[in-house]
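Note sheet for the following structure.
2 protein chains.
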Amino acid sequence: MDLVAPSELTAAAERLDSRIMRTPLLECTRLSDELGVRTLLKCENLQHTGSFKVRGALNALLIRAQQGTLAGGVATFSAGNHAAATSYAARVLGVPAVVCMPPGAVATKVEAVGRYGGEIVFTDALVDTCMALANERGYGQLHPFDDPDVIAGAGTVGIEILADCPDPDLVVLPVGGGGLVSGVSAALRAGGSNGSGGVGGAGGSARMRIVGVEPRQANAMSHALRAGTAQPLPARPSSLADGLAAPFASARTLAHVQAYVDEVLEVEEDAIADAWWAMMDATKLFVEPSAAVGLAAVRAGLLSLRPGSTVVFVLSGGNAARTSLATVAAM
Amino acid sequence: MDLVAPSELTAAAERLDSRIMRTPLLECTRLSDELGVRTLLKCENLQHTGSFKVRGALNALLIRAQQGTLAGGVATFSAGNHAAATSYAARVLGVPAVVCMPPGAVATKVEAVGRYGGEIVFTDALVDTCMALANERGYGQLHPFDDPDVIAGAGTVGIEILADCPDPDLVVLPVGGGGLVSGVSAALRAGGSNGSGGVGGAGGSARMRIVGVEPRQANAMSHALRAGTAQPLPARPSSLADGLAAPFASARTLAHVQAYVDEVLEVEEDAIADAWWAMMDATKLFVEPSAAVGLAAVRAGLLSLRPGSTVVFVLSGGNAARTSLATVAAM
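These protein sequence lines map, in sequence, to chains B and L. Note that this note's numbering has the first sequence beginning at 1, numbered continuously upward. Note that this note's numbering has the second sequence beginning at 332, numbered continuously upward.
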C-alpha cells in the first residue's frame, strides 16, 4: 500500500494556501503548569467548518477540478465533520454535494451541512447509498479518509505544526478512520528532525514520538493493528467522541500508522468526558469530545509525558453535540 | 460623583502592559454572516484567570504598592471572577489574599481562587465578613467594582478595542455591578470618534453606540437607572449568568452609565441559555453565560443591528459552571 509522498503533502499545502485558516498553535499555560510540559494546541476547532476535515475534502476536490474529473458533483458519506467539509468544499468549487448521514447524526453536524448548501440523505446504508447516488447522478465519490488526496490534505496540519514548532517531543492525535493520523504522521516524519519510525520501531531518545488515541468503544485502528490487517469492527462503534466512531480503518490508513506512529492508545468513555471538560475549562476553547482524547490518555495515566518536554495536542474539531454537554454537567 | 479620567485610563494601560494578556479582537465570520454585521469579539475569556477582572484587581493593587498602601494583604468579596482575579493579583504583588465567597459559588470559580493561592471564607455576609477580616488582619479591602482603580483597569479593554478597531458602530457589554461597562464606556468615549453621549443623549447617526446588557433576573443597573439612584435590588439576584448577579450597582457605576452608555437592556434566562450555546457553537470559544448576554439581546430582538455595521461584543469571561451546561443540553 502506497504511503502519501512528501511531494503530495507540500503540493497540498500550496493548493490549500489562502483557502483554509492557518490555525494557531497556542500554548495553554494552565495545562503546561498542570502537566509539567510545554503544552501546545493545534486549533483545528477554529478551522473553516469547525474541523480539520475541510483540508482533505478541499484538497481532493481541487485536484479533481484541475484534472477535469470533478464530474457533475460529489457524493460522500459521513456522520459528521467530513459531511460539512465536503459541502463547504463543493460550494467553493461550484458543484453540488450530496451527503449520506446516519439518522442518529449529531444535530450540530447536520445543521452544518445545511449551512454550506449540502443535500442530506439519511440512511443506515451509508456506503451503498452513496455509491447508488453517485451513479444515478453522475457525481464523483469522496471517501472520508481512505483517499490519498484526503490524507495529504489532512497532513498539512503536520506541516503547519512543524513550521510553528520545529522540534516537538511528542505529537498526540485523535484517531477515527485514520485520515488525520496518517497525513499528519507522514508530514511529521518527512519534515521533522528524525524521519524514521513506526509502531514498534526502536527510535533514539531524541526522536519525536507520535501517538494516536481512540475511544475503546470505537477502536477501529487498534482492532486493525491487532489483526495485522484492515477489517471492520465486529459491532457498530459508539462513543461520546462521535467524530471518531468510524466502523473500520482502511488498509491505507493502517499502513501509515504501522509506518509512522509509535503507539495507538484506547481511552474509556468516562476519561473522555472528564478530559473534554478539562480541556475546555483550561483552554477556554470550545472543542468536541474527539479533540480531548489525547488529554484523556494523559489524565488516565496511559500516556506519560517527559517533564519539561514539548507536547502538541491536535484539537481536531469544535462541532460538539449540544446534548453531549449533559455528560459533562452530570459528572 | 467623579468619573474615571482619561489620564487614569492611559496610566492603567501602561501599568498593566506586559502583566496582562493583550487579548485578540477576533472576527467570527459565521456570526457576521448570521447577523449581517461585521462581528468582532473581544476575547477576555482568554485573559489570565479567565476573565477581564484581573485588569481591575491588578491595576488597583499595583497602585497601592506604588503608594505604599498595600498593607499586609488584601481582603475582598465576590461570587466569582473577581475572587480569582484578586488572588492572582495578590500573588503577583507577593501579598496574601482572603476572599469571602457565598456558599453557593460556582465550583469552577472556587477552584480558580485556590489555583492562585487565595484563601476562601464562605459566608452569606460578604461585605461584613470582608470588613471584619480586613480589620482583624490589617489587610486593605478591594471592592469588586466600586473602586476607581478597578474601573480604570477594566477600561483598558476599551483602549485595546479602539487600538484594533478605531471606529466600531456599536459596542455591547455585559453588566453586573457595572465596573466593566463603566471603564470601557469611559475609554470608548475618551478615545472614539465622538466623545459625548449618555443614556437618553441625542447623538448623531455616525456616533458610536454603547449598549449594556444584564439578565432581567439580575438587573441591578436597570433598577438603579429607573430609580435614578443607586440602591440594592429588593431580592438577591440569581441568573444562569452568575457573573452578573451583583446585588446592587453603585453610585459610581450608575454615574458612568448615565454619562456614557446609550441603553441598558434586560434579557430573559432562556435567551441567555440559547445565546450561550449559539456563541460557543459559532465561535468555538468557551465562554461563561455572562459573555453571551449581548448576543442574547440581539437574538431576542431587543437590540437591532444596522446591516453592514461593525459590532463588538465583549466576551467578559470563560469560567462557566460545569453544572450549567445541563441547561444547554436540555434545550
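Glycine included, every Cβ here is placed at the ideal spot set by N, Cα and C. Here the structure is a predicted model, which means the values were calculated and not measured.
Exercise for review: Indicate whether at least one CB of chain B lies closer than 9 Å to the CB of valine 645 (chain L).
Suggested key: Stepping through the second sequence from its first residue, residue 645 (chain L) is reached at position 314. Taking Cβ atoms only, chain B never reaches closer than 9 Å to valine 645 (chain L), which makes this a no.
Review point. Identify the residues that DSSP records as bridge partners of threonine 39 (chain B): which are they?
Key: Taking the first residue of the first sequence as position 1, residue 39 (chain B) is located at position 39. DSSP output for threonine 39 (chain B) lists B:Val311 as bridge partner(s).
Review point. Is glycine 649 (chain L) close to chain B, meaning its C-beta is less than 9 Å from at least one C-beta of that chain?
Key: Locating residue 649 (chain L) in the second sequence gives position 318, where the first residue counts as 1. So, interface residue.
Review point. Span of the alpha helix (DSSP H) holding glutamine 258 (chain B)?
Key: As a position in the first sequence, residue 258 (chain B) is number 258, starting the count at 1. Note, glutamine 258 (chain B): alpha helix (DSSP H), 251-260.
Point to revise | Completely contained alpha helix (DSSP H) runs for the region 407-458 of chain L, where each covers 4 or more residues | key: As far as the region 407-458 of chain L is concerned, its whole alpha helix (DSSP H) runs of at least 4 residues are 412-424, 438-446.
**Study point:** Bridge partner(s) assigned by DSSP for serine 51 (chain B)
**Key:** The count along the first sequence starts at 1 and reaches residue 51 (chain B) at position 51. DSSP lists B:Gly317 as partners of serine 51 (chain B).
Exercise for review: At 7 Å on the CB atoms, spell out the chain B contacts of glycine 381 (chain L), in chain order.
Suggested key: In the second sequence, counting from the first residue as 1, residue 381 (chain L) sits at position 50. Residues of chain B passing the Cβ test: Lys284.
Check your understanding: Grouping DSSP H, G and I as helix and E and B as strand, with all else coil, what is proline 563 (chain L)?
Key -> Position 232 of the second sequence, counted from the start, is the residue given in the question as residue 563 (chain L). Proline 563 (chain L) sits in coil when the DSSP states are folded into three classes, being neither helix nor strand.
**Study point:** Backbone CA spacing between glycine 80 (chain B) and threonine 658 (chain L) [nearest angstrom]
**Key:** The sequence position of residue 80 (chain B) within the first sequence is 80, counting from 1. The sequence position of residue 658 (chain L) within the second sequence is 327, counting from 1. Their Cα atoms are separated by approximately 24 Å.
Check your understanding: Hey, is arginine 115 (chain B)'s beta-carbon within less than 9 Å of any beta-carbon in chain L?
Key -> As a first step, residue 115 (chain B) must be located in the first sequence, where it is residue number 115. With 9 Å as the cut-off, arginine 115 (chain B) counts as an interface residue toward chain L.
Point to revise | Spatially closest choice to alanine 97 (chain B) from B:Ala5, B:His82, B:Pro174, by CA coordinates | key: As a first step, residue 97 (chain B) is located in the first sequence; it is residue number 97 there, counting from the start. Taking only the C-alpha atoms, the option nearest alanine 97 (chain B) is B:His82.
**Study point:** Of the residues L:Ser418, L:Gly639, L:Ser647, L:Asp601, the one placed nearest methionine 662 (chain L), counting alpha carbons only
**Key:** Translated into positions along the second sequence, residue 662 (chain L) becomes position 331. Here the closest residue by C-alpha is L:Asp601.
**Study point:** Cβ distance (whole Å) where phenylalanine 476 (chain L) is taken to contact threonine 584 (chain L) below 8 Å
**Key:** Taking the first residue of the second sequence as position 1, residue 476 (chain L) is located at position 145. Taking the first residue of the second sequence as position 1, residue 584 (chain L) is located at position 253. Their Cβ separation, rounded to whole angstroms, is 6 Å, which keeps phenylalanine 476 (chain L) and threonine 584 (chain L) in contact under 8 Å.
Check your understanding: Can we say the region 607-625 of chain L touches the region 281-291 of chain B, given the rule of at least three CB pairs closer than 8 Å?
Key -> Judged by Cβ distances under 8 Å, the region 607-625 of chain L makes contact with the region 281-291 of chain B, as three or more pairs qualify.
Point to revise | Minimum Cβ-Cβ distance from threonine 86 (chain B) to chain L less than 9 Å | key: Counting from one through the first sequence, the residue named residue 86 (chain B) turns up at place 86. False, the Cβ-Cβ gap to chain L never drops below 9 Å.
Review point. To which residues does DSSP link arginine 664 (chain L) through a beta bridge?
Key: It is not possible to answer for residue 664 (chain L), since the shown part of chain L is limited to 332 through 662.
**Study point:** Beta-carbon proximity list for alanine 396 (chain L), same chain, < 8 Å, skipping 5 on both sides
**Key:** For the purposes of this step, residue 396 (chain L) is identified with residue 65 of the second sequence, where counting begins at 1. A distance below 8 Å between beta-carbons, with the five flanking residues on each side excluded, links alanine 396 (chain L) to the following residues of its chain, in chain order: Leu424.
Practice item. Go through its chain and collect everything with a Cβ distance to leucine 501 (chain L)'s Cβ below 6 Å, but skip five positions before and after it. Key: Looking up residue 501 (chain L) in the second sequence gives position 170. If we look at leucine 501 (chain L) and ignore the five residues flanking it on each side, its Cβ neighbours are Arg540, Val642.
**Study point:** Inter-residue CB distance, serine 516 (chain L) and isoleucine 482 (chain L) (contact presumed, cutoff 8 Å)
**Key:** By 1-based counting over the second sequence, the position of residue 516 (chain L) is 185. By 1-based counting over the second sequence, the position of residue 482 (chain L) is 151. So it is not a contact: roughly 10 Å between Cβ atoms.
Point to revise | Three-state secondary structure assigned by DSSP to glutamate 345 (chain L) | key: Mapped onto the second sequence, residue 345 (chain L) falls at position 14. Helix at glutamate 345 (chain L).
Practice item. Could you work out which residue in L:Gln589, L:Ala586, L:Gly507, L:Glu375 is closest to arginine 567 (chain L) when comparing CA atoms only? Key: Here residue 567 (chain L) corresponds to residue number 236 of the second sequence, with the count starting at 1. Considering only alpha carbons, the answer is L:Gly507.
Point to revise | Cβ of arginine 322 (chain B) within 9 Å of any chain D Cβ | key: This model lacks chain D altogether; the protein chains it does include are B and L.
Review point. Cα separation between threonine 314 (chain B) and alanine 609 (chain L)?
Key: The residue labelled residue 314 (chain B) in the question sits at position 314 within the first sequence. The residue labelled residue 609 (chain L) in the question sits at position 278 within the second sequence. The sequence given here places valine at residue 314 (chain B); threonine does not occur at that position. One C-alpha to the other measures close to 24 Å.
**Study point:** valine 184 (chain B), DSSP secondary structure in three states
**Key:** Against the first sequence, residue 184 (chain B) aligns to sequence position 184. Judged by DSSP in its simplified three-state form, valine 184 (chain B) adopts helix.
Practice item. Rounded to whole angstroms, what's the CA-CA distance from glycine 716 (chain L) to proline 505 (chain L)? Just pull it up for me. Key: This structure gives no information on residue 716 (chain L), because the portion of chain L shown stretches from 332 to 662.
Review point. According to a CB-to-CB cut-off of less than 8 Å, which residues of the region 139-160 of chain B neighbour chain L?
Key: The residues in question: there are none.
Check your understanding: For serine 222 (chain B), which residues from the same chain have a beta carbon less than 7 Å from its beta carbon, with the 5 sequence-adjacent residues on both sides left out?
Key -> Numbered from 1 along the first sequence, position 222 holds the residue referred to as residue 222 (chain B). Once the five neighbours on either side are set aside, the close Cβ partners of serine 222 (chain B) are Glu214, Val264, Glu266.
Check your understanding: Is it true that the CB of threonine 86 (chain B) sits closer than 9 Å to the CB of alanine 57 (chain B)?
Key -> As a position in the first sequence, residue 57 (chain B) is number 57, starting the count at 1. As a position in the first sequence, residue 86 (chain B) is number 86, starting the count at 1. Yes.
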